[in-house]
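So the structure is just underneath, and the comments pick up after that.
Numbering (my numbering), first residue to last: 3 to 84.
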């Protein structure tokens, strides 16, 4: 995946299944910053050092992150990022 291209003024919703790999998870975690209301729930996120590092970066930017490594589930709320 090289990029995300979002056009139009329509609301996005739904579910996308991806592999539980770092290369899939990292861009999806960063893309969650585009959501300015509510929470983004990501599942099958592997417990790796890179995942922890990007989580800390997002928290430093003002996002709230709840990560359960055993369940491989991450909840991101980026509504407080300014």
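Cβ coordinates follow ideal geometry from the N, Cα and C atoms, glycine included. Just so it is clear, the structure is predicted and the values come from calculations on it, not from any experiment.
- The secondary-structure analysis by DSSP pairs residue 45 across a beta bridge with 75.
- Shown here for residue 25: not one same chain residue has a beta carbon closer than 6 angstroms to its own, the five before and five after excluded.
- Assignment of residue 68 by DSSP, reduced to helix, strand and coil, places it in the strand class.
- The three-state secondary structure of residue 80, taken from DSSP, is coil.
- Pairing residue 8 with residue 36, the inter-Cα distance amounts to about 11 angstroms.
- Look at residue 31 here: in three-state DSSP terms it is helix.
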